[in-house]
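Reviewing the structure listed below.
There are 2 protein chains.
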Amino acid sequence: MLSAGFRPSLKEFTAAAAAIAEDAIQTPLLPFRASPSGEIRLKAENLQQLGSFKIRAGANALAMLADADAAAGVATASAGNFAQGLALAAARRRIKLTVHAPSTAPAVKLAAIQALGALVETHSYSDWWQIMSTRHTGRADGHFIHPVCEDAVLLGNGTIALELTRQWNRIDTVCVPVGGGGLLCGIALAFRALGARPRIVACEVATAAPLTRSREAGRPVSIQRQPSFVDGIGGGGVLEEMWPLLQELVDSVVVVSLDEIRDAMRFLALESHLICEGAGAASVAAALSGRAGSGNCVAVVSGGNIDLPVFTSVVCPES
Amino acid sequence: MLSAGFRPSLKEFTAAAAAIAEDAIQTPLLPFRASPSGEIRLKAENLQQLGSFKIRAGANALAMLADADAAAGVATASAGNFAQGLALAAARRRIKLTVHAPSTAPAVKLAAIQALGALVETHSYSDWWQIMSTRHTGRADGHFIHPVCEDAVLLGNGTIALELTRQWNRIDTVCVPVGGGGLLCGIALAFRALGARPRIVACEVATAAPLTRSREAGRPVSIQRQPSFVDGIGGGGVLEEMWPLLQELVDSVVVVSLDEIRDAMRFLALESHLICEGAGAASVAAALSGRAGSGNCVAVVSGGNIDLPVFTSVVCPES
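For the record, the sequence lines run as chains L and G.
Numbered per this note's numbering, the first sequence spans residues 18 to 336.
Numbered per this note's numbering, the second sequence spans residues 18 to 336.
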């Protein structure tokens, strides 16, 4: 659950960092671009095992479980990176996990979750969304862990800010891709717990920018999303439960185009030798756009899970 | 110059690490594969600026220059990564650099060196090889820095071992791609200075394995190399000056096939989200082959400089 008015202390984030030390690596902060007005550096979460920051959240969610809950097993609703991260952390702790996924999820992703030892149950998309919203799976499959709206998830994601503070003592801006908002809110809350206030820039893609639309409307709204190779951000709306935190913690939103994301992915491949997914490169695109402000900027490269043929067609379209 | 009987102390390696701290990053050691018999982890030097470990050597070579030599400018003979690393380090220190390159070098590489502010002089391949062998450029272009046979170069490369020792305290084997041998000898000498003796495995590619042939012959021999996408290792012979060190420091050689390197590059892309050049993946191929021995193994991923269309054709041949 996400506690009302959740404002965790530094001690809570430090405990999360200790709890996930065997599961997640401390990702490097890589130099990327420098200009007289400031530098851009990359927090390369795509280098985590399974290719995304989600292992931080999954591992911490299990670390914070009561013993009785762990013994009874846990359940989640996710089709992607969070389920994989949770499945890896669960396998290491020998905790039984049931993953509820939409039947529309790619078979290869479901197979990867099963290969990590989790039980996968598929549902129609509307039934699955119902589970996401209500946390009721209709089964006695144990304690439900939400992929975003969960204290433990925000604490796990916030460990990124603890590392950033040690890695660079002159951060003006942090660009974070925003989907559910768990990554952004975790990082922003941890900076506040540290007594730091870098500008927090939420990065959305033009084909699906529900946070921008919700800020305009002054409330969480649903939008029509346009599918693209950017599948890790840009959902159909803002989660009600996350809206108060997003309103408080986001300093500005930068909406980047698919072309800007393509360019960022190409630069990351050519200059930094990193394979990034579209969502992971959205923060880099925002930092490069000039629309995130001046000064020293961290772009959080959230993940690298993209099919190689898709990656190839984006960074090397002539081949 | 490479001093006769060069056996540097830990203090010398520590000084090199301090000297290059502004130029090179401490690259991460990434988990890659685990089995009951041991783990393989990746020392990701492809994440260095300019995409290879060479920045360590270039920066340290300039740091160790006498002031008078620095004021007069420096020269080197290289067509690739070393010249780029040296050029970047020289630009940062405002030291004049002349790079002597073979006219066969790719124009794009020469342009990159010039863009970093260095003067490029091209020569016929035989004239260039003469410069590499004699260190006489025929010009008054200052102190000559050899890309391999140089105390400062081995010290710079050896800083990798200092980081490895902090990153993992249970290293049984270190797999290192071997071209000139500067990377391998630097790392092996630093481990000795640290009082550690992991098994040092030199990794060659089947299309050009001069170290294997030289070890069979008991002396440095020239070979006929077969060109391939693996262009960072596999020269036409072993450098006379490096032979005594290579004989002493190499515990075994593993020769990997082009197919094994292709597989390693694909695994690195899919599982680790890294773009690696063929030479950089040779160490990973050796570690995966089972022929490097058992236990915990570090594969030094030396670089990531590969044209994207070539990378694409290797890791994603169906596209």
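Ideal Cβ positions, reconstructed from N, Cα and C, are used throughout, including at glycine.
*asked:* What does the Cβ neighbour count give for Val-193 (chain L), buried or exposed, with the cut at 16 atoms within 10 Å?
replied: Locating residue 193 (chain L) in the first sequence gives position 176, counting from the first residue. By the neighbour-count definition (other C-beta atoms within 10 Å, threshold 16), Val-193 (chain L) is a buried residue.
_Contact defined as beta carbons within less than 8 Å: I believe Ala-207 (chain G) pairs with Leu-179 (chain G). What is the distance between those atoms, to the nearest angstrom?_
Translated into the one-based positions of the second sequence, residue 207 (chain G) becomes position 190. Translated into the one-based positions of the second sequence, residue 179 (chain G) becomes position 162. The distance from the Cβ of Ala-207 (chain G) to that of Leu-179 (chain G) is about 6 Å, consistent with a contact at the 8 Å cut-off.
_Own chain partners of Met-81 (chain L) with C-beta closer than 6 Å, once the 5 adjacent residues on each side are dropped_ = Residue mapping note: residue 81 (chain L) aligns to position 64 of the first sequence, counting from 1. Contacts found: Ala-169.
*Indicate the three-state DSSP secondary structure (helix, strand or coil) for Arg-58 (chain L) in the structure shown.*
For the purposes of this step, residue 58 (chain L) is taken as residue 41 along the first sequence, with counting starting at 1. Arg-58 (chain L) falls in the strand class under three-state DSSP.
*Helix, strand or coil for Phe-49 (chain G) per DSSP?*
In the second sequence, counting from the first residue as 1, residue 49 (chain G) sits at position 32. Residue state, collapsed to three classes: strand.
*Grab the span of the beta strand (DSSP E) containing Phe-161 (chain L) for me, first residue to last.*
By 1-based counting over the first sequence, the position of residue 161 (chain L) is 144. For Phe-161 (chain L), the uninterrupted beta strand (DSSP E) run begins and ends at 160-162, by DSSP.
*Does any residue of chain L bring its CB to less than 9 Å from the CB of Ile-250 (chain G)?*
Counted from its first residue, the second sequence places residue 250 (chain G) at position 233. For Ile-250 (chain G), no Cβ of chain L is located within less than 9 Å of the residue's own Cβ.
*Who are the near neighbours of Leu-263 (chain G) in its chain, counting only those whose CB is closer than 6 Å to its CB and skipping five residues on each side?*
Position 246 of the second sequence holds residue 263 (chain G). Non-local beta-carbon contacts of Leu-263 (chain G) in its own chain, meaning distances under 6 Å to residues more than five positions away in sequence, involve Gly-198 in chain order.
_Just to check my reading of the structure: Ser-231 (chain G) and Val-255 (chain G) have Cβ atoms closer than 8 Å, yes? What is that Cβ distance to the nearest angstrom?_
Along the second sequence, read from residue 1 onward, the residue named residue 231 (chain G) stands at position 214. Along the second sequence, read from residue 1 onward, the residue named residue 255 (chain G) stands at position 238. The Cβ separation is near 5 Å, so the contact holds.
*Determine, using beta-carbon pairs with one atom in the stretch 38-46 of chain G and one in the stretch 54-71 of chain G, whether at least three such pairs fall under 8 Å.*
With a cut-off of 8 Å, the stretch 54-71 of chain G and the stretch 38-46 of chain G count as touching, because enough Cβ pairs lie within range.
*Apply the 10 Å Cβ neighbour rule to Asp-248 (chain L) and answer buried if 16 or more other Cβ atoms are within range, or exposed otherwise.*
Sequence index remark: in the first sequence, residue 248 (chain L) carries index 231 (1-based). Note on Asp-248 (chain L): 16 or more other CB atoms within 10 angstroms of its CB, so buried under the neighbour-count rule.
*Which one of G:Glu-335, G:Pro-53 and G:Arg-24 has the shortest CA to CA distance from Leu-172 (chain G)?*
Your numbering for residue 172 (chain G) matches position 155 in the second sequence. Ranking G:Glu-335, G:Pro-53 and G:Arg-24 by CA distance to the CA of Leu-172 (chain G) puts G:Arg-24 first.
*At least one CB of chain L closer than 9 Å to the CB of Leu-47 (chain G): is that the case?*
Along the second sequence, one-based indexing puts residue 47 (chain G) at 30. With 9 Å as the cut-off, Leu-47 (chain G) counts as an interface residue toward chain L.
*With distances taken from CA atoms, which of G:Arg-279, G:Glu-294 and G:His-163 is nearest Asn-322 (chain G)?*
The residue given as residue 322 (chain G) occupies position 305 in the second sequence. The candidate whose alpha carbon is nearest that of Asn-322 (chain G) is G:Glu-294.
*Terminal residues of the continuous beta strand (DSSP E) containing Cys-314 (chain G)?*
For the purposes of this step, residue 314 (chain G) is taken as the residue at position 297 of the second sequence. Its beta strand (DSSP E) spans residues 314-318.
*asked:* Against Gln-66 (chain G), what residues of chain L qualify as contacts under a CB-to-CB distance less than 8 Å, listed in chain order?
replied: Position 49 of the second sequence holds residue 66 (chain G). Ordered by position in chain L, the residues that pass the 8 Å Cβ test against Gln-66 (chain G) are Pro-48.
*Enumerate in chain order the residues of its own chain whose CB-to-CB distance from Pro-215 (chain G) is below 7 Å, with the five nearest sequence positions on each side excluded.*
To locate residue 215 (chain G), count along the second sequence from 1; it is residue 198. If we look at Pro-215 (chain G) and ignore the five residues flanking it on each side, its Cβ neighbours are Ile-188, Asp-189, Thr-190, Val-191 and Phe-208.
_Between L:Phe-246, L:Val-195, L:Ser-239 and L:Pro-334, which has its C-alpha nearest Val-318 (chain L)'s C-alpha?_
In the first sequence, residue 318 (chain L) corresponds to position 301, counting from 1. Taking Val-318 (chain L) as reference, the option from L:Phe-246, L:Val-195, L:Ser-239 and L:Pro-334 with the minimal CA-CA separation is L:Val-195.
*Indicate whether at least one CB of chain G lies closer than 9 Å to the CB of Val-317 (chain L).*
For the purposes of this step, residue 317 (chain L) is identified with residue 300 of the first sequence, where counting begins at 1. Taking 9 Å as the CB threshold, Val-317 (chain L) stays off the interface with chain G.
*Run down chain L in chain order and give the residues with a C-beta less than 8 Å from the C-beta of Asn-63 (chain G).*
Along the second sequence, read from residue 1 onward, the residue named residue 63 (chain G) stands at position 46. Those within 8 Å of Asn-63 (chain G) in chain L are His-290.
*With distances taken between CB atoms, is the gap from Ala-302 (chain L) to Asp-324 (chain L) smaller than 9 Å?*
In the first sequence, counting from the first residue as 1, residue 302 (chain L) sits at position 285. In the first sequence, counting from the first residue as 1, residue 324 (chain L) sits at position 307. No, Cβ-Cβ distance for Ala-302 (chain L) and Asp-324 (chain L) is not below 9 Å.
_Cβ-based burial, Pro-227 (chain L) [other Cβ within 10 Å; buried from 16]_ = The residue given as residue 227 (chain L) occupies position 210 in the first sequence. Buried is the call here.
*asked:* With DSSP as the reference, identify every bridge partner of Ser-20 (chain G), one or two as the case may be.
replied: As a first step, residue 20 (chain G) is located in the second sequence; it is residue number 3 there, counting from the start. Secondary-structure assignment with DSSP links Ser-20 (chain G) through no beta bridge to anything.
*List, in order along the chain, the chain G residues whose C-beta lies closer than 7 Å to that of Gly-55 (chain L)?*
Along the first sequence, one-based indexing puts residue 55 (chain L) at 38. Identification of chain G residues near Gly-55 (chain L) by a Cβ-Cβ cut-off of 7 Å yields none; the smallest Cβ-Cβ distance measures about 17 Å.
*Should Gln-65 (chain G) go down as buried or exposed, given a rule of 16 or more other Cβ atoms within 10 Å for buried?*
In the second sequence, residue 65 (chain G) corresponds to position 48, counting from 1. Buried is the call here.
*Tell me whether the beta-carbon of Ser-143 (chain G) lies closer than 9 Å to the beta-carbon of Gly-297 (chain G).*
Counting from 1 along the second sequence, the entry for residue 143 (chain G) is found at position 126. Counting from 1 along the second sequence, the entry for residue 297 (chain G) is found at position 280. For Ser-143 (chain G) and Gly-297 (chain G), no; Cβs fall outside 9 Å.
*So what's Pro-119 (chain G) in DSSP terms, helix, strand or just coil?*
Taking the second sequence and counting its residues from 1, the one referred to as residue 119 (chain G) is at position 102. Strand at Pro-119 (chain G).
*Measure the Cβ-Cβ separation of Leu-79 (chain L) and Ala-106 (chain L) and say whether it is below 9 Å.*
Residue numbering aside, residue 79 (chain L) sits at position 62 when the first sequence is read from its first letter. Residue numbering aside, residue 106 (chain L) sits at position 89 when the first sequence is read from its first letter. Against a cut-off of 9 Å, the Cβ pair of Ala-106 (chain L) and Leu-79 (chain L) comes out as a contact.
*For Thr-93 (chain L), which option in L:Ala-299, L:Leu-211, L:Ile-292 and L:Val-165 has the closest C-alpha, if you only look at C-alpha atoms?*
As a working mapping, residue 93 (chain L) is identified with position 76 in the first sequence. Cα-wise, what sits closest to Thr-93 (chain L) is L:Val-165.
*Determine whether the Cβ of Thr-139 (chain G) lies closer than 9 Å to any Cβ atom of chain L.*
One-based indexing of the second sequence puts residue 139 (chain G) at position 122. Chain L contact via Cβ: absent.
*With 9 Å as the threshold, decide whether the Cβ of Val-193 (chain L) is near any Cβ in chain G.*
To locate residue 193 (chain L), count along the first sequence from 1; it is residue 176. Not an interface residue.
*Are any of the Cβ atoms in chain G nearer than 9 Å to that of Gly-155 (chain L)?*
Your numbering for residue 155 (chain L) matches position 138 in the first sequence. False, the Cβ-Cβ gap to chain G never drops below 9 Å.
*Taking Cβ-Cβ distances shorter than 7 Å, what residues in chain L pair up with Gly-75 (chain G)?*
Counting from 1 along the second sequence, the entry for residue 75 (chain G) is found at position 58. None at all; the shortest Cβ gap to chain L is about 16 Å.
*Does the count of Cβ pairs from the stretch 99-116 of chain G and the stretch 128-147 of chain G closer than 8 Å reach three?*
Enough Cβ pairs lie closer than 8 Å, so yes.
*is_contact[Ile-42 (chain L), chain G] using C-beta, thresh 9 Å*: For the purposes of this step, residue 42 (chain L) is taken as the residue at position 25 of the first sequence. Contact of Ile-42 (chain L) with chain G is assigned, a C-beta pair being separated by under 9 Å.
*So which of L:Ala-316, L:Gly-320 and L:Ala-89 has the shortest CA-CA distance to Glu-56 (chain L)?*
Stepping through the first sequence from its first residue, residue 56 (chain L) is reached at position 39. In this structure, L:Ala-316 is the residue among L:Ala-316, L:Gly-320 and L:Ala-89 with its C-alpha nearest to the C-alpha of Glu-56 (chain L).
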